[in-house]
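Student: Using the working numbering, the letters of the sequence shown map in sequence onto residues 1161 to 1597.
Take a look at this one; I'll ask things after.
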Amino acid sequence: KQWYQRRVAITAGTRKFITFAEQHRIVLNQILRQSTTPLSDGPFQVLVNHTRVLDFDVKRRYFRQELDKIEETNRREDIAIRVRREHVFEESFRELHRRSPEELKSRLYVIFEGEEGQDAGGLLREWYQIIAREIFNPHYALFTTTPGDKVTYVCNSFSHYNPNHLDYFKFVGRVIAKAIYDNKHLDCYFSRSFYKHILGQSISFKDMEHEDYAFYKSMMFLLEHDLVEAGLDNLDFTMEIEEFGVTETRELKPNGHEIAVTNANKKEYVKLISQMKMTGSIRSQIKAFLDGFYDIIPKHLISIFSDTELELLISGLPTIDIEDLKANTEYHKFSLTSLQIQWFWRALRSFSQAERANFLQFVTGTSKVPLQGFSSLEGMNGVQKFQIHRDDRSTDRLPSAHTCFNQLDLPVYETYDKLRKNLLLAINECPEGFGLA
């Protein structure tokens, strides 16, 4: 009984502390930045299990401290990767596929056949750059771009045409995790749902807007209309999935073929069919990738990040030219001289590099900056400049976004402080679910 009471007391005390931490998040993160004691060993170690109150840079510091502990217990000889430049992907695969997870945590050094260069780190960086390009080489049929922006990638449901595809997916998972482990950034950008698979998070209906806008709109129609009046009263909790060239009907829940979709349960149907659509046809590919990824980085450790933070961990913080973005922005029911627009650009200039990256992820779906600048920003229909639409609904609403169109819906806030506060809240919290946008 005493043990039970003590456990309840600790739980209640922890809950009280977390509430306090959330209310004083800015000060708490400043204290942690200045602390020289690892988070897991110091007075705030309870936050290891409640990382949502931590800023990205504080999480990343804790993450690297934990990787350093793994490194200290795993000191091995360096591993050489001998490859020819014209066959980097296949030969790197053969070199690393046979290695154990523990061996892969060793330092890698690269030897390009026929070249004299000694790898002091530069050749390894170059190898990562080449591999990052080859991962998306259509020849291997591993990934395909999302319709939403044509710059982020998802697993290719037809990858089975490559007989080695599952081994390759495991290799890619290992490479990306190893790059994170080695603190090297890759020019790799994936869909939100793919990042969530790595983190072990549930896929949401909102993620579908970016991946398949036509399907997203059809589901929105279903949610917003009476099913009988719309002629959609013949649906059940099943869907057809094509995997390895074979089409089969899968149940979205037990006995789904016997459960009719009604106005009362259609939200559940949309949630389940969205999850199935973003995972069902690529389940084997995802599993192979994750098997490789978790060989290097434990799931419990990577899962401290959000999907947007994971993108920044893999690809690094982008340099965002605010003036270039402003010069390539279209306004709807606003003008450049509108007070809210002037406040908006003032707020964006005041943001940190990480906050600007979060903003870009919020409105475009990715932190990737176009190589030719924001005049080349892609949407679902090709080049689509960033656009700000006036939202004449309540100013108690947060700004919302439509990533397929690089569109921000901005309420007509009464003050600069309210606009800045709500914009930061929207991009940092990234609420998801029905009715957000």
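Just so it is clear, CB atoms sit at the ideal spot from N, CA and C, and this is done for glycine as well.
Quantities reported herein were computed from a predicted structural model and do not represent experimental measurements.
#1: Taking buried to mean at least 16 other C-beta atoms within 10 Å of its own C-beta, is Val1154 buried or exposed?
#2: Taking the CB atoms as reference points, tell me whether Glu1251 and Leu1461 lie closer together than 8 Å.
#3: By DSSP, does Gly1360 sit in helix, in strand, or in coil?
#4: Using alpha carbons as the reference points, say which of Arg1557, Phe1381, Arg1443 lies closest to Ile1401.
#5: Apart from the five residues just before and just after Gly1308, which ones in its own chain have a Cβ nearer than 7 Å to its Cβ?
#6: What distance in whole Å lies between the Cβ atoms of Leu1199 and Val1208, which are believed to be in contact at a cut-off of 8 Å?
#7: Leaving aside the five residues before and after Lys1338 along the sequence, list all residues of the same chain whose C-beta is less than 7 Å from its C-beta, in chain order.
#8: So what does DSSP say about Glu1574, is it helix, strand or coil?
#9: For the alpha helix (DSSP H) containing Phe1204, name the first residue and the last one.
#10: Looking at the C-beta of Leu1382, does it have a partner C-beta in chain E at a distance below 8 Å?
#11: Taking 8 Å as the cut-off, decide whether the C-beta atoms of Leu1472 and Ala1424 are in contact.
#12: Using the C-alpha atoms, what's the distance from Ser1364 back to Met1380?
#13: Going residue by residue through the stretch 1447–1531, where are the continuous alpha helix (DSSP H) segments of at least 4 residues, counting only ones entirely within it?
#14: Return the Cβ separation of Ile1446 and His1320 in integer angstroms, given the expectation that the two are a contact with Cβ distance under 8 Å.
#15: Ile1271 by DSSP, collapsed to three states: which one?
#16: From Lys1581, His1325, Lys1344, Val1218, pick the residue whose C-alpha is nearest to that of Phe1449; which is it?
#17: Quick one: using the 10 Å Cβ neighbour count with 16 as the cut-off for buried, is Pro1571 buried or exposed?
#18: So Phe1375 and Lys1426 are in contact, right, with Cβ under 8 Å, and what is the actual spacing, rounded?
#19: From what residue to what residue does the beta strand (DSSP E) around Ala1181 run?
#20: Applying the criterion that 16 or more other CB atoms from any shown protein chain within 10 Å of the CB defines a buried residue, is Tyr1164 buried or exposed?
#21: Are the CB atoms of Pro1478 and Ser1527 within a distance shorter than 8 Å?
Tutor: With the structure as the only source:
#1: What the structure shows of the chain is the stretch from 1161 to 1597, and residue 1154 is not part of that stretch, so it cannot be assessed.
#2: no
#3: coil
#4: Arg1443
#5: His1370, Glu1371, Tyr1373, Gly1525, Met1540, Thr1563, Cys1564
#6: 6 Å
#7: Leu1264, Ile1456
#8: coil
#9: Unbroken run through Phe1204: none, as it is neither H nor E.
#10: Absent here is chain E; the protein component of the structure consists of one chain.
#11: no
#12: 13 Å
#13: 1459–1462, 1467–1475, 1482–1487, 1499–1510, 1513–1524
#14: About 14 Å separates the two Cβ atoms, so there is no contact after all.
#15: Strand at Ile1271.
#16: His1325
#17: buried
#18: Not really, about 15 Å apart at Cβ, beyond 8 Å.
#19: That residue, Ala1181, is in no beta strand (DSSP E); its alpha helix (DSSP H) goes 1162–1183.
#20: Residue placement at Tyr1164 is flagged as unreliable, the pLDDT there being 40, under the threshold of 50; a coordinate-derived value is accordingly withheld.
#21: yes
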